[in-house]
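Asker: Shown below is the structure under consideration.
2 protein chains.
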Amino acid sequence: MQYEELFDYLSDAERRILAVLKSSNVNTYFNPEDVLDSVFSYIGRPAKRLRPSVLLMAAGALGGSEREHLALPAAAGVELFHTWTLVHDDLIDHDTLRRGGPTVHEAMRSVAKSRDGLSDHLAAEYGRNIAVLTGDTQHGWSIASFVDCALQTEIDPTLILKLIKHLQSYVLGNLVFGEVLDVRYGMRDLTELKEVDEAKIVDMLWLKTGVLYEFAGMAGALIGKNTPDFGDKEVQAITHFASNCGTAFQLQDDILGILGDEASLGKPVGSDIREGKKTVIVYESLKWANDSQRKTILSTLGNRSASFQEIETVTHLFRELNGVRRTKELAVHYINEALPYLNTIPDSKYKSLLALWAHYMLDRQF
Amino acid sequence: MQYEELFDYLSDAERRILAVLKSSNVNTYFNPEDVLDSVFSYIGRPAKRLRPSVLLMAAGALGGSEREHLALPAAAGVELFHTWTLVHDDLIDHDTLRRGGPTVHEAMRSVAKSRDGLSDHLAAEYGRNIAVLTGDTQHGWSIASFVDCALQTEIDPTLILKLIKHLQSYVLGNLVFGEVLDVRYGMRDLTELKEVDEAKIVDMLWLKTGVLYEFAGMAGALIGKNTPDFGDKEVQAITHFASNCGTAFQLQDDILGILGDEASLGKPVGSDIREGKKTVIVYESLKWANDSQRKTILSTLGNRSASFQEIETVTHLFRELNGVRRTKELAVHYINEALPYLNTIPDSKYKSLLALWAHYMLDRQF
């Protein structure tokens, strides 16, 4: 695939979204400095901005370049919504790196220790508290940015109100459901969880990731047509398209979490293994493992102090035992489900970009 | 003061708000069970509902009983907004009791221990994680409920959009600012904080509490007039009225935190002292204390294992050393600032209720 056109669009979208965020009148309310710094920390680091981009492309595909432009505050809102969930998720997962820099709770722990001279215990607590409040602040900003899409443009206020309600109930409810399932699966040995199977893991992926991609596509489609009609055929087509792509995105993410390197992942190699992340890779590999392989995998998975050698061994087993291949197979399946939905909408440069974007879900290496 | 009329109104408002919350279509999205239980736990306990009530009374005062009725989803939204901030605040403050029952993180810690057999450490972590996600979920529901105020009624969509933006930027930013100041003041000995004085403490009270009262009054006033004009004179009057009452509310709350009993407070006697809460009471008492009294106060304040006897001694000193009296004086001052704003609006039963409500801020014993 030739991705130049997509890459140009994505980097331009990143620039435009950052401009919206930096010029927002909301950021006068971020106080004190620790909150201000934390609110902008993930946002300011290089990222793919796949969610806001699909929103923009969907708006362009159904409404042309003028509507694509009007959708910018909503695109910024989706990026902010994703960001606050990352901040709370990193806190819950004890992650220390995100997009190549420290996570919010980790950065604020360091600050409290070096600047304020707090004890290790109190500094860690301060870091956690600021992370909770930073996510809360970004959550608010996200919604405020959606409001701007109506107040600053000709976009129908009722459409924006309906979108906000959908985001704050259906999308948020499903995201939280996925997050709690993830926490609960992580608390136990996967082999003990009789109720877990491949379909359940994929459902969880959709809850944790697919639902926000689905929303981004839907929001862009509705803004593109400037209609509050969620049942519109073209809107539905793009909604299903984005939903399937979101699941494929997360499957590919799990593969990269095993095969990627630190520079491109922005987090240490093996962190998914050390965290004991329950993925299709793990499930499938355990299914085909013999007793000794099974033992090796289970003794390393979720072991936060696993050695580089142990990580290498398990990574090798995940390739050998069909885990990586099966995950890729599923990712391809979801993209194949997604693409035909594009036949429903008229040809345009945005439609071509959406198709490229879908293929990129499978080909991306970071 | 004869409060019968106000009490009747408040208990009726509580019933009406709970009915809105229980019939909301949003609560189909609360999953799994631990999240569902946690989302409803504070809401279901008896409470004064002062914030949603001032919203309803303001709507009635400027728009009559029909608009007061239409404002119900917004009143429920304010109650939910307050609730999510309580859940995150209790987590940050390590509080274990709220409204006479366990806090969310504490309840879920117990569940994880008894039902899932987790270790103390993992159970506490599970409790904290569910508390973060429960607050996030209620935050979303709050905004969804404001949206309902426009979608289910004749209330102007643009007014509701502007209210949502104001809540999610100005109000939330100030609340978070107040919370972080509270965390930071709590980290240090008050005597060491050269920059803290009475005015700064009152500012923090306004940030943590006043700003949401202000919003509730303003939201009710705007809905009452069904106008998106934040600069409207009557709207401004009710906004200032509610803002001043909010500060008085918190000052009285700090007094009750020292003088109240467990049954009416819904939390243990002395918990404000054991937590080392930095209030005007503490600041003023330290100002007038001799060396020995100062030593007694500072050794008990923030000592989580302070004895009943020590709490009694410090409570006595807070009365003796002008702390309680000064705080009451300030509370009276803010109510006296608030009441004249009511002269700007036409007479009605709702206006009388608002005046009673303001006086009740000072007289309430729980």
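From first to last, the protein sequence lines stand for chains A and B.
For the first sequence, the working numbering begins at 625 and goes up steadily by one.
For the second sequence, the working numbering begins at 625 and goes up steadily by one.
For each residue, glycine too, the CB sits at the ideal point set by N, CA and C.
(1) For the stretch 943-969 of chain A, which residues have a beta carbon sitting closer than 8 Å to at least one beta carbon of chain B?
(2) Applying the criterion that 16 or more other CB atoms from any shown protein chain within 10 Å of the CB defines a buried residue, is N753 (chain A) buried or exposed?
(3) Applying a beta-carbon distance threshold of less than 8 Å, which residues of chain B neighbour Y794 (chain A)?
(4) List, in order along the chain, the chain B residues whose C-beta lies closer than 9 Å to that of P781 (chain A)?
(5) Among the candidates B:S923, B:L791, B:F770 and B:K832, whose CA atom is the shortest distance from the CA of L799 (chain B)?
(6) Kindly list, in the order they appear in chain A, the residues whose Cβ is closer than 8 Å to that of T761 (chain B).
(7) With which residues is P726 (chain B) paired in a DSSP beta bridge?
(8) Starting from the beta carbon of I788 (chain A), find every residue of chain B whose beta carbon is closer than 9 Å, and list them in chain order.
(9) Which residues, in order along the stretch 716-742 of chain B, keep a beta-carbon less than 8 Å from a beta-carbon of chain A?
(10) Mind listing which residues of the stretch 658-686 of chain B have their C-beta closer than 8 Å to chain A's C-betas, in chain order?
(11) Return yes when the Cβ of A643 (chain B) is within less than 8 Å of the Cβ of L680 (chain B), no when it is not.
(12) Under the rule that 16 or more other beta-carbon atoms within 10 Å means buried, what is P676 (chain A), buried or exposed?
(13) Just reading off the alpha helix (DSSP H) that A683 (chain A) is part of, what are its end residues?
(14) Closest by CA to L925 (chain B), which one among B:V663, B:R943 and B:K902?
(15) Assign S769 (chain A) to buried or exposed, taking buried as 16 or more other Cβ atoms, counted over all protein chains shown, within 10 Å of its Cβ.
(16) What span of residues does the alpha helix (DSSP H) with R752 (chain A) cover, start to end?
(17) Please decide whether V992 (chain B) counts as near chain A, where near means a Cβ-Cβ distance under 8 Å.
(18) What is the residue span of the alpha helix (DSSP H) that L846 (chain B) lies within?
(19) Roughly how many whole angstroms lie between the Cα atoms of A748 (chain A) and P892 (chain A)?
(20) Going by DSSP in three states, Q626 (chain A) sits in which element: helix, strand or coil?
(21) Kindly indicate which residue of A:T761, A:V735, A:S647 and A:I921 has the alpha-carbon position closest to the one of F801 (chain B).
(22) For A840 (chain B), count neighbouring Cβ atoms within 10 angstroms of its own Cβ and tell me buried if that reaches 16, exposed if not.
(23) Output, in chain order, the set of chain B residues within a Cβ distance shorter than 9 Å of M828 (chain A).
(24) Is the beta carbon of A698 (chain B) closer than 8 Å to that of E692 (chain B)?
(25) Does the count of Cβ pairs from the stretch 723-740 of chain A and the stretch 655-665 of chain A closer than 8 Å reach three?
(26) Hey, H983 (chain A) and M625 (chain A): beta-carbon distance below 8 Å or not?
(27) List the residues of chain B that L746 (chain A) touches, going by C-beta distances under 9 Å, in chain order.
(28) For D878 (chain B), count neighbouring Cβ atoms within 10 angstroms of its own Cβ and tell me buried if that reaches 16, exposed if not.
(29) Counting only C-beta atoms, is P697 (chain A) closer than 8 Å to chain B at any point?
(30) For a cutoff of 8 Å on Cβ pairs, would you count L925 (chain B) as touching chain A?
(31) In terms of alpha-carbon separation, which member of A:T937, A:G834 and A:T863 lies closest to Q876 (chain A)?
(32) Have a look at B:L954, B:V756 and B:A962 and flag the residue whose alpha-carbon is nearest the alpha-carbon of V711 (chain A).
(33) Of the choices B:F654, B:G797 and B:D971, whose alpha-carbon is the least far from that of V804 (chain A)?
(34) Which of helix, strand or coil does DSSP assign to D853 (chain B)?
(35) Comparing alpha-carbon positions, which option in B:M828, B:I716 and B:S867 lies nearest E838 (chain B)?
(36) Alpha helix (DSSP H) containing E657 (chain B): first to last residue?
Answerer: Walking through what the data contain:
(1) none
(2) buried
(3) Y653
(4) A774, D780, P781, T782, I784 and L785
(5) B:K832
(6) L796, G797 and V800
(7) B:L721
(8) I767, A768, F770, V771, L785 and I788
(9) I716, D740 and L742
(10) D658 and V659
(11) no
(12) buried
(13) L674 to L694
(14) B:K902
(15) buried
(16) D744 to L775
(17) Coverage of chain B is limited to positions 625 through 990, which leaves residue 992 (chain B) absent and any answer about it impossible.
(18) V835 to K849
(19) 21 Å
(20) coil
(21) A:T761
(22) buried
(23) Neighbours of M828 (chain A) on chain B: none; closest Cβ ~12 Å, over 9 Å.
(24) no
(25) yes
(26) yes
(27) M811
(28) buried
(29) no
(30) no
(31) A:G834
(32) B:V756
(33) B:F654
(34) coil
(35) B:S867
(36) E657 to S665
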